[in-house]
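Asks:
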Amino acid sequence: MSNATVDLVCGPADPVPGAEQSYRLTGLLGSGGQADVFQAVRMSAGISSTPLTVKVFRFNPSDPKEQQFRSWDKGDAVLMDLHSRNVGAICRRIDAFYGRAPHSPDAPAVGDPVPFQVLEYLPGHDLRQLLSQRLARVNAARTLQSVVNVMLAMHHPPAGAHPVLHMDLKPANVIIGPEGSAKVIDFTGARYYTPAHLTTIAYTPESAGPEAHQGTVGPSYDVHGFGSIAFYMVTGASARTDTPGQEQSVPWSRLRTHPVLESNPRLRDMLTATLDDKPSNRPRTEELSRWITELVDEVSRSNLPDLGVDWGASNGAFASSTESTRRLVGPVNSPMAAPMPSPPAPAAPAAPANSTRMMEPGLDGVGPVNGAKPIVGHVRVPEQGNYAPGQSDNNELPRLRLAGDPSQSLRRDDHPDHVDREEQPPLLGPPGSLSKGLELSIIGGLFSLIMWLFFTIQQGMETIRNQALGYLLVIGVAIGLFFLIRLAGGLFWGRILHAKRRTARLAHLATGIFLFLVGMNYLDQLTWSWLDFDFNPIDWFTGLFSWFSLDGITAAVTEKVSEWFENLFE
Numbered sequence: 023m024s025n026a027t028v029d030l031v032c033g034p035a036d037p038v039p040g041a042e043q044s045y046r047l048t049g050l051l052g053s054g055g056q057a058d059v060f061q062a063v064r065m066s067a068g069i070s071s072t073p074l075t076v077k078v079f080r081f082n083p084s085d086p087k088e089q090q091f092r093s094w095d096k097g098d099a100v101l102m103d104l105h106s107r108n109v110g111a112i113c114r115r116i117d118a119f120y121g122r123a124p125h126s127p128d129a130p131a132v133g134d135p136v137p138f139q140v141l142e143y144l145p146g147h148d149l150r151q152l153l154s155q156r157l158a159r160v161n162a163a164r165t166l167q168s169v170v171n172v173m174l175a176m177h178h179p180p181a182g183a184h185p186v187l188h189m190d191l192k193p194a195n196v197i198i199g200p201e202g203s204a205k206v207i208d209f210t211g212a213r214y215y216t217p218a219h220l221t222t223i224a225y226t227p228e229s230a231g232p233e234a235h236q237g238t239v240g241p242s243y244d245v246h247g248f249g250s251i252a253f254y255m256v257t258g259a260s261a262r263t264d265t266p267g268q269e270q271s272v273p274w275s276r277l278r279t280h281p282v283l284e285s286n287p288r289l290r291d292m293l294t295a296t297l298d299d300k301p302s303n304r305p306r307t308e309e310l311s312r313w314i315t316e317l318v319d320e321v322s323r324s325n326l327p328d329l330g331v332d333w334g335a336s337n338g339a340f341a342s343s344t345e346s347t348r349r350l351v352g353p354v355n356s357p358m359a360a361p362m363p364s365p366p367a368p369a370a371p372a373a374p375a376n377s378t379r380m381m382e383p384g385l386d387g388v389g390p391v392n393g394a395k396p397i398v399g400h401v402r403v404p405e406q407g408n409y410a411p412g413q414s415d416n417n418e419l420p421r422l423r424l425a426g427d428p429s430q431s432l433r434r435d436d437h438p439d440h441v442d443r444e445e446q447p448p449l450l451g452p453p454g455s456l457s458k459g460l461e462l463s464i465i466g467g468l469f470s471l472i473m474w475l476f477f478t479i480q481q482g483m484e485t486i487r488n489q490a491l492g493y494l495l496v497i498g499v500a501i502g503l504f505f506l507i508r509l510a511g512g513l514f515w516g517r518i519l520h521a522k523r524r525t526a527r528l529a530h531l532a533t534g535i536f537l538f539l540v541g542m543n544y545l546d547q548l549t550w551s552w553l554d555f556d557f558n559p560i561d562w563f564t565g566l567f568s569w570f571s572l573d574g575i576t577a578a579v580t581e582k583v584s585e586w587f588e589n590l591f592e
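Here it is, written out as structure tokens:
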């Protein structure tokens, strides 16, 4: 839809004269379930800044005001934290304040203060608008990888930072800029992955996973949202929809069947893997980059309709800055955030059809409550391993479950496909950990190989076949020893103690020691008489010490070395 031009002002409610006209709103960019979004500039002594985005909270009189403000504050705190972590490919937060509703420059500010959020202005269009209106071409791999990079930064933060769930990843929340770059927006429903913070679940029927109806979400909930973005880029349709003509036996939207996918089973299976009803069946966040590569290869080989998405290696032909910038046209005829008068409060505006809802388990245990109320209650975190507040865990985080969830028994008995199973850490450790410490095995292996070569030459080349088979058996035993120790460590260290396993140094150390002992065994069987030249290691070492003038020390050390070599070669 066209963005309407406006002429309003707003600002923080503070005693500085003119503060409530600090921001001049110039255009309505859109309205969501909880806020109106404006294009704006910051005013200072008559000088305006470059364009900004101002997000104005929309109060819902049917819910407690304090509860709504706390929910807004949680999303704002998460976005501010992600900004300070320098997470790329997100809409950056600039400022936040409480002020009265936007009003005309000539009218006084009225009503109670509401939260405002000031964000960077992102020229361009969201992915849904871009493809449905064919405004510009989109590079699939670049866009999807940008979303994955944000997910990795949220789910696997640096040490000392809390993991984060976005909980509302969908095509409408990905902005494609004029140069083709993608950024994730709308962190209103984002939460820290901790019980105290995750008390509401953002839910969009067309893109959210069904576990939201069970009050159980985790990183795989964001993976489902990512899958809905990929599904839209392949088919041009939303991932989930009610199935016409069938009785709705579950409260969540069903996966959409699409002719493009039904004619390509492999592509269908790849896309639906990220959209599986069971969260544990979806790829992990760290596996999505490889999944993107496989998806791009599969789509490139398929004969799909051109939806304006480039699946090849090129970056695509992006629209110019003028074409891809959201225009502000037309008179002020769209609904705006009106001034909030004192009680009685105005009726809450209806949320758009595909907007995000904040939901809680229904009275029947599975359905959402009408009115989109937030979840109220305590959240239990089962088996978090060594994850603690302010501490990062590089493994996939466990999913949260509402304590006393009334749908728990129904989920286990009537919907076995949706039993939430805790994901166990891999027995061999996280990807990439097996190579850490490899130098220890290499050192032991090189020593045993050199000693084996000396021993084989001494025994004669006619025995090289048997000697080679024997050494290959040694290598096989060493490999088996490595994986046996790794599996034992995975059971005890990873699954019983729930400790992080970043390297395989202990297993490599044991393997290196084994190979070193094998080499020492070969060395023990060597004799020096087979050498063609006159070489005596005892004479060599004693000659080395003769260079020193410290007669007492030299004599003592020489005597000890001589005794050691004589015992060695007896």
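With the numbering used here as the guide, the letters of the sequence shown map in order to residues 23 to 592.
For glycine and all other residues, C-beta sits at the position ideal for the given N, C-alpha and C.
Predicted, not measured: the structure shown is a model, and the values here were computed from it.
(1) Look at the Cβ atom of L329, then the Cβ atom of L51, and state whether they are nearer than 8 Å.
(2) Taking 8 Å as the limit between beta carbons, can you name the residues of its chain near F248, skipping five residues before and five after?
(3) Would you call the region 297-307 in contact with the region 127-143, where contact means no fewer than 3 C-beta pairs closer than 8 Å?
(4) Whole angstroms is fine: what's the gap from L601's alpha carbon to G467's?
(5) In whole angstroms, give me the CA-to-CA distance for A490 and I501.
(6) Apart from the five residues on each side of it in sequence, which residues of its chain come closer than 7 Å, Cβ to Cβ, to G498?
(7) When the Cβ atoms of the region 527-541 are set against those of the region 507-516, are three or more pairs found closer than 8 Å?
(8) How many angstroms separate the CA atom of I465 from the CA atom of S457?
(9) Kindly list the residues whose CB is nearer than 8 Å to the CB of A163, restricted to its own chain and excluding five residues on each side of it in sequence; keep chain order.
(10) Would you identify the three-state DSSP class for G492, choosing helix, strand or coil?
(11) Starting from Q139, follow its DSSP beta bridges and name the residues at the other end.
(12) Based on Cα-Cα distance, which residue from R46, D85 and P232 lies nearest to P124?
(13) Taking DSSP's pairing of strands, which residues face H147 in a bridge?
(14) Hey, how far is the Cα of A224 from the Cα of K96?
(15) Does the separation of the CB atoms of R288 and S260 fall below 8 Å?
(16) Please classify R122 as buried or exposed, where buried requires at least 16 other C-beta atoms within 10 Å of its C-beta.
(17) In three-state terms, what does DSSP make of A500?
(18) Got a sec? Which residues, its chain only, sit under 8 Å from S322 by beta carbon, not counting five neighbours each side?
(19) With C-beta atoms as the reference, is R262 less than 8 Å away from E228?
(20) Let me check understanding here. Comparing Cα to Cα, which of R517, G511, L548 and M542 lies closest to I479?
(21) Applying the criterion that 16 or more other CB atoms from any shown protein chain within 10 Å of the CB defines a buried residue, is V31 buried or exposed?
(22) In three-state terms, what does DSSP make of A35?
(23) Compare the Cα-Cα distances from D58 to each of P281, P217, F81 and P39 and report the closest residue.
(24) Inspect the beta-carbon positions of A212 and V76 and report whether they are closer than 8 Å.
(25) Tell whether a beta-carbon distance below 8 Å holds between Y143 and P185.
(26) Using DSSP with H/G/I as helix, E/B as strand and the rest coil, what is K458?
(27) Where do the N-terminal and C-terminal ends of the alpha helix (DSSP H) with D103 fall, by residue?
(28) Closest to H177 by C-alpha separation, out of P217, V245 and L157, would be which residue?
(29) Considering only DSSP beta bridges, list what L50 is partnered with.
(30) G202 and N161 - do their beta-carbons sit closer together than 8 Å?
(31) From P137 to P327, what distance separates their C-alpha atoms?
(32) Taking the alpha-carbon positions, what's the A252 to P193 distance?
(33) Determine the closest residue to V331 out of D29, S275 and L149, with distance taken between C-alpha atoms.
(34) With DSSP run on the structure shown, which of helix, strand or coil describes M189?
(35) Can you tell me where the alpha helix (DSSP H) holding P254 begins and where it ends?
(36) How is S203 classed by DSSP in three states: helix, strand or coil?
Replies: So, from the data block:
(1) 8 Å or more divides the Cβ of L329 from the Cβ of L51.
(2) Correct list, in chain order: L166, V169, V170, M173, L191, T296 and L310.
(3) Of all C-beta pairs linking the region 297-307 to the region 127-143, fewer than three are shorter than 8 Å, placing the two stretches out of contact.
(4) No answer is possible for residue 601: the residues shown for the chain start at 23 and end at 592.
(5) So the alpha carbons of these two residues sit roughly 17 Å apart.
(6) Hits under 7 Å: none found.
(7) The way I'd put it, the region 527-541 does touch the region 507-516; three or more beta-carbon pairs between them come closer than 8 Å.
(8) Distance between the alpha carbons of I465 and S457: 14 Å.
(9) By the criterion of a C-beta distance shorter than 8 Å, A163 is surrounded in its chain by I314, T315, V318 and W333, once the five residues flanking it on both sides are discounted.
(10) In this structure, DSSP gives G492 a helical state, which the three-state scheme calls helix.
(11) Q139 pairs with K77 and A118.
(12) Measuring from the Cα of P124, the nearest candidate turns out to be R46.
(13) According to DSSP, H147 bridges with I198.
(14) Our two residues, A224 and K96, have alpha carbons roughly 13 Å apart in a direct line.
(15) Inclusion of R288 and S260 in the CB contact set at 8 Å is not warranted, their separation being larger than that value.
(16) Looking at its Cβ environment, which holds 16 or more other Cβ atoms inside 10 Å, R122 is buried.
(17) If DSSP states are grouped into helix, strand and coil, A500 belongs with the helices.
(18) Cβ neighbours of S322 beyond the five flanking positions: W333 and G334.
(19) Yes, Cβ-Cβ distance for R262 and E228 is below 8 Å.
(20) When the alpha-carbon of I479 is set against those of R517, G511, L548 and M542, the nearest one is in L548.
(21) The residue is buried, with at least 16 neighbouring Cβ atoms inside 10 Å.
(22) It is coil, neither helix nor strand.
(23) The residue from P281, P217, F81 and P39 with its alpha-carbon nearest to that of D58 is F81.
(24) Taking C-beta atoms as the reference points, A212 and V76 fail to come closer than 8 Å.
(25) No.
(26) Here DSSP, grouped into helix, strand and coil, assigns K458 to coil.
(27) Here the alpha helix (DSSP H) through D103 covers K87 to S106.
(28) That would be V245, whose Cα lies nearest to the Cα of H177.
(29) DSSP, once it has assigned bridges, lists A26 and F60 as partnering L50.
(30) Taking 8 Å as the Cβ cut-off, N161 and G202 qualify as a contacting pair.
(31) The straight-line gap from Cα to Cα measures roughly 44 Å.
(32) Whole-angstrom Cα-Cα distance: 9 Å.
(33) Of the candidates D29, S275 and L149, the one whose C-alpha sits nearest the C-alpha of V331 is L149.
(34) Looking at M189 - three-state DSSP - the assignment turns out to be coil, as it is neither helix nor strand.
(35) In the sequence as presented, Pro is not what sits at residue 254; that position holds Tyr. In the DSSP annotation of this structure, the continuous segment of the alpha helix (DSSP H) that includes Y254 starts and ends at P241 to T257.
(36) Correct three-state label for S203: coil.
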